[in-house]
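Read top to bottom, the protein sequences are chains A, B, C and D.
Heads up, the first sequence is in UniProt numbering, so the first residue is 1 and it goes up one at a time.
Heads up, the second sequence is in UniProt numbering, so the first residue is 1 and it goes up one at a time.
Heads up, the third sequence is in UniProt numbering, so the first residue is 1 and it goes up one at a time.
Heads up, the fourth sequence is in UniProt numbering, so the first residue is 1 and it goes up one at a time.
Glycine included, each C-beta is placed from N, C-alpha and C at the ideal position.
Below is one structure, written out as structure tokens; the observations come after it.
4 protein chains.
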Amino acid sequence: MKVAVFGAGRIAEVHVKGIIRAGHEVAGIYDIRPEPANALATQYGCAAFASPEDALGDPSIEAVVIGTSTNTHSDYIIACARAGKRIFCEKPIDLSVEVAENCWETIKSSNPFIHIGFNRRYDRHIRGLAEAVKSGELGKLENLTIISRDPAPAPIEYFKVSGGIFRDMTIHDFDIARFILGGNPAEIFATGSVLIDPEIGEIGDMDTTTVVMRSASGQLVQILNSRRAAYGFDQRIEAVCSNGMMQVDNILLDATVKYTPERSAARARPMDFFLERYGESYDEAWVDFFARLDAGDEPGVTFDDGLQALRIAEAANRSIRTGEIVKL
Amino acid sequence: MKVAVFGAGRIAEVHVKGIIRAGHEVAGIYDIRPEPANALATQYGCAAFASPEDALGDPSIEAVVIGTSTNTHSDYIIACARAGKRIFCEKPIDLSVEVAENCWETIKSSNPFIHIGFNRRYDRHIRGLAEAVKSGELGKLENLTIISRDPAPAPIEYFKVSGGIFRDMTIHDFDIARFILGGNPAEIFATGSVLIDPEIGEIGDMDTTTVVMRSASGQLVQILNSRRAAYGFDQRIEAVCSNGMMQVDNILLDATVKYTPERSAARARPMDFFLERYGESYDEAWVDFFARLDAGDEPGVTFDDGLQALRIAEAANRSIRTGEIVKL
Amino acid sequence: MKVAVFGAGRIAEVHVKGIIRAGHEVAGIYDIRPEPANALATQYGCAAFASPEDALGDPSIEAVVIGTSTNTHSDYIIACARAGKRIFCEKPIDLSVEVAENCWETIKSSNPFIHIGFNRRYDRHIRGLAEAVKSGELGKLENLTIISRDPAPAPIEYFKVSGGIFRDMTIHDFDIARFILGGNPAEIFATGSVLIDPEIGEIGDMDTTTVVMRSASGQLVQILNSRRAAYGFDQRIEAVCSNGMMQVDNILLDATVKYTPERSAARARPMDFFLERYGESYDEAWVDFFARLDAGDEPGVTFDDGLQALRIAEAANRSIRTGEIVKL
Amino acid sequence: MKVAVFGAGRIAEVHVKGIIRAGHEVAGIYDIRPEPANALATQYGCAAFASPEDALGDPSIEAVVIGTSTNTHSDYIIACARAGKRIFCEKPIDLSVEVAENCWETIKSSNPFIHIGFNRRYDRHIRGLAEAVKSGELGKLENLTIISRDPAPAPIEYFKVSGGIFRDMTIHDFDIARFILGGNPAEIFATGSVLIDPEIGEIGDMDTTTVVMRSASGQLVQILNSRRAAYGFDQRIEAVCSNGMMQVDNILLDATVKYTPERSAARARPMDFFLERYGESYDEAWVDFFARLDAGDEPGVTFDDGLQALRIAEAANRSIRTGEIVKL
């Protein structure tokens, strides 16, 4: 299948590689800035499109990756859907639930195939936990803790346009919570602080947050986030069930273990950041994308999944403002 | 030093042993039920008092352990204080903040020496973490998670008089949070569910709870409780600091590790319950009790510590009722 | 039961405590040096014997602990056996197999109850592994590795009279190997070096050794010893079986775990040395000693066990001299 | 650089991929059986050579991979060296030290570039340990243990032509021992058993072996091998140094951890077998191969490295026959 890629940044390249590894063809790259598009196109031996329409108007191109800046996602989704393309759109759909809802209203009648790029659902470690929980081998899920701490904060310019920590960072954890719970939580409470960098507070954001959610059946979920962890990218999940418990532990840089006069059995640092830790999951998402198209199935992560995660993020922001539980 | 013990139940015997191991003398036992008092007295070769007054009126007895049922603590504290005894009172002081406050008002002018039995402060593992946090070797504390899950629920009769999970169980974790934070949190949110036994819900209690607290400087604390953990007594703490992280892990029944065709490096179950897991800490509390008396110091856990933990528990209950953050 | 203790050193006190904890009585202490005997007797409120005969001639004393220097063990065993006492003799029986054999020849007709102090058989971690191996739950034992490294070398004066590393240190591991194998190995190879302290080499001993043994059915055993481990007292066992593997890991000073920018999940150091690491096992040995006497059973560790371990140690020395496998 | 590949089996394909990933070109495949050569050539879009001479006579081909059956290695090395090709030869060079020595005598005057395929030297985990040992950060190496157990035995037909466990399997560990020691050991002792499959014994081989080596300075090395491990491919290294200890632990299939009523913190099984566990190392070897050619350096693993490992394997066989230490 021939796929066009919109966007030529770091994540776009991840998708280019994923498409190729999955055995499909990148037809060309479009970016609002021609230079990175040309560079990436040259590197991977494909076309650089002068405009999105060049790709959308090419009937041999069956699918489009939307890996551009978030505020353009919605318009590109509409354009791609209208052009009859299959869509792989990076998360989040938009920073505004309303915009995302309007987008869906506009396109839903054509029932387009839209996969939202929540790659962590394709991480085999998380998947192993989710499948074990679903299988019931450990009994019923009662308490789920998701820990996600970045190794170091991004530049403040990034945070200014990020939509805030819940829409930018926690949104992955909201999606994973929904994935493991098998549906939406019923209510949410959120709190947070500025402990790492006062500038983050000055732009109205937080760098250290705790979210608590509760499902309709009373299952509890905690999401602990931080924009910095001195000990490395901290990505852990813990699912307490009625008959046992299962965790996803950090994946470490290597398998060495050190014993010194001070401490025993010290392991390596965690893998550096998301492109390393979750690298495989991007590829797995592409394998799944094409397999589901082939089989005539729904996408593995639907537009609605993207919308629900965004709604939870907005509810988290509301809880921060009110100091109250917010019903979802 | 001669010590009288009020109460002849399981925890009273723990204190009898702790006093003896610390090199001091148990003068006698009093219990409202003479049989267990006589039995314990016979076992440890000391007197069985017919009434509390017998002990309070004996000038050779310098200290009294109050290990009776919670609703009697306050009166015994007052009686002991008036008799000029040093006091070791089991937690909680009372189920009511008001009663505890009135107790203090009644006795404070005599400035009695009252140690409240929050034994976990004397657990050397927790102490090691608290001291590392305090030392600043890992930077500043940013996020503290306390996990406490009992292996199995107590009988429903116990829960009926327990004052609810926050005053009965979480109160230990509130105290440990204060111990590690070095003071009171500024606000609290609590939520919970009945997932284990519907009877627990019928008496107005919960069996699975999550508490989030925030200190004045923005540090976040999560306390995760459950009245049952199929995989054993789960007692873990995790302190994320600006330069590193430190945990207290479960203490396991033995040091064996199994490798099977299914899983690698499987360790033993955790120690069964609090008398095993925290057994040493009861003894350490007694060593500290006598050492501080000798040195003329304040108790290691003060009446105010007991009162603050109780206030936090009441605030947690209020948060459950309102669905809101409660200021402390 | 009243027990006399011969010897007043560090290990003698361990036995005094073990006897008392097991609910029995220490009648008195004898040592060739009166001062430590008097000191220990005073501390534990028992008699100090002026001569061994004072204890041996007292019919109320039913058992004797031989915790004196190794070269006196054999004579005391004979004297105790002739006096009809039950005997608890520290390991090794003697430094010479011949002396130990002669000792047994002298006393065997009276079939005395002699327990040899291989305390590690009573360590519950090792016992758990031995029982799992014996149960067959992991299939048949194929390869057994015993690692024993002291935290630091003893003074050279100690080594001069120790009988060499195999009779002094490895003898514990020979016994544990026999305990787990359920019998004697068929052959042995040993090699070693002086890597820690040249003085150890100058007195004809080694500080770092490797022993390989093979059972009649072909099971392989490795014993790795060192007189020093910078990372602490290293006591590990690994039993590879046909259907799985089981280890005894080191027991650590506490349950804290550290994460730093350099390393993840660093645990505490191992417990300091044998009195800490194997402290419980000394008490368990005494419980077993009295229980077997009560039940009319053979001792838990027999004279023959002591003799076989010594024979293996001599064979190890022969292998060192010849560079060859030695049949046992 | 254009590379010809001799051999079209499983390992040949590993090298084809490694060459391509390193950014070089596979010119074509030769195999004595045309079908697999054609198949592999078709799959990777390169030529299938009708004879080795077709590749050797092509001046545009600069390097040749010898991935054929072991008994052909020596002749192909000579032919390639005469043709002026750079050589990447799979291990072992030959089953006979004499043949390997003669091979070298024949070609040494032309000083050919020959890399021997001891891929494990390129495993980043092992490399991390080897570099830490070499750096001296843990002091001086004193005791090295290498554990290598296959998940399950190969077919008996494989074993019949394998040259025996030491030349087939342990040879990797001999090489790693040399790599970590930084040179040859001085002496070796070997023992072994048939515990897994009597057929292995009937062909004169063993399935469970222990090797002990000693360096000139007294460092001890243990290599523990088995042709089967029920708990999975067991690949561990432990380097005890004067100031600490470092291990390479098994690499597990995933990062999940399970807690059940029976056991705590059970991890996943190890990766299945060498193509998975050491997959990266094959690629790294190719990167190094080309980098050293570029830089004009010696190969990362020399002909002499291959020869020394083979000599140690022969010495191990001699020790088995004699029951004695063999000097190297």
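Presumed contact (8 Å Cβ cut-off) between residue i and residue j, rounded CB distance
| i | j | result |
| --- | --- | --- |
| residue 305 of chain D | residue 175 of chain D | 6 Å |
| residue 2 of chain A | residue 60 of chain A | 5 Å |
| residue 65 of chain D | residue 118 of chain D | With 8 Å as the limit, residue 65 of chain D and residue 118 of chain D do not qualify as a contact, their Cβ atoms being about 14 Å apart. |
| residue 373 of chain D | residue 194 of chain D | Missing from the structure shown is residue 373 of chain D; chain D here goes from 1 to 328 and no further. |
| residue 307 of chain B | residue 13 of chain B | That belief does not hold up - the Cβ atoms of residue 307 of chain B and residue 13 of chain B are roughly 27 Å apart, past 8 Å. |
| residue 81 of chain D | residue 107 of chain D | 4 Å |
| residue 152 of chain C | residue 244 of chain D | Not confirmed; about 14 Å, so no contact. |
| residue 242 of chain D | residue 142 of chain D | 6 Å |
Contact test: residue i Cβ vs the ligand SAM heavy atom, cutoff 6 Å
| i | result |
| --- | --- |
| residue 312 of chain C | With respect to small molecules bound, the structure shown includes none, and the ligand SAM cannot be examined in it. |
Three-state class that DSSP yields for residue i in the structure shown
| i | result |
| --- | --- |
| residue 252 of chain D | strand |
| residue 94 of chain C | coil |
| residue 74 of chain A | helix |
| residue 115 of chain D | strand |
| residue 228 of chain B | coil |
| residue 302 of chain D | coil |
| residue 188 of chain D | strand |
| residue 85 of chain B | coil |
| residue 55 of chain C | helix |
| residue 205 of chain A | coil |
| residue 14 of chain C | helix |
| residue 133 of chain B | helix |
| residue 100 of chain D | helix |
| residue 154 of chain C | coil |
| residue 169 of chain C | helix |
Residue(s) in a DSSP beta bridge with residue i
| i | result |
| --- | --- |
| residue 144 of chain D | D/221, D/239 |
| residue 6 of chain A | A/30, A/66 |
| residue 266 of chain A | A/258 |
| residue 61 of chain B | B/2 |
| residue 25 of chain C | C/2 |
| residue 47 of chain B | B/28 |
| residue 327 of chain A | A/187 |
Whole-angstrom distance between residue j and residue i, CA atom to CA atom
| i | j | result |
| --- | --- | --- |
| residue 172 of chain D | residue 124 of chain D | 16 Å |
| residue 96 of chain B | residue 77 of chain B | 15 Å |
| residue 68 of chain C | residue 300 of chain C | 21 Å |
| residue 159 of chain D | residue 139 of chain B | 58 Å |
| residue 98 of chain D | residue 204 of chain D | 21 Å |
| residue 330 of chain B | residue 74 of chain B | The structure shown has nothing for residue 330 of chain B, since chain B only spans 1 to 328. |
| residue 223 of chain B | residue 166 of chain B | 11 Å |
| residue 41 of chain D | residue 39 of chain A | 32 Å |
| residue 320 of chain B | residue 209 of chain A | 20 Å |
| residue 35 of chain B | residue 249 of chain C | 46 Å |
Of the residues that make up the segment 237-264 of chain C, which ones have a beta carbon closer than 8 Å to any beta carbon in chain E? The chain inventory of the structure shown lacks chain E, comprising the protein chains A, B, C and D.
Cβ-based contacts, 7 Å cut-off: residues of the segment 264-297 of chain C near chain A: 264, 265, 266, 267, 268, 269, 270
What are the residues of the segment 128-154 of chain B that lie near chain C, defined by any Cβ-Cβ distance shorter than 9 Å? 128, 129, 132, 138
Given a limit of 9 Å on CB to CB distance, which residues of the segment 217-235 of chain A reach chain C? 229, 230, 231, 232, 234
Positions along the segment 167-195 of chain A whose CB lies within less than 7 Å of some CB in chain B: 189, 191, 193, 194, 195
In chain order, what residues of the segment 48-69 of chain C put their CB closer than 9 Å to some CB of chain D? none
Members of the segment 103-124 of chain A that neighbour chain D once the beta carbon cut-off is set at 8 Å: 124
Relative to chain D, which residues along the segment 298-323 of chain C have a C-beta separation below 7 Å, given in chain order? 323
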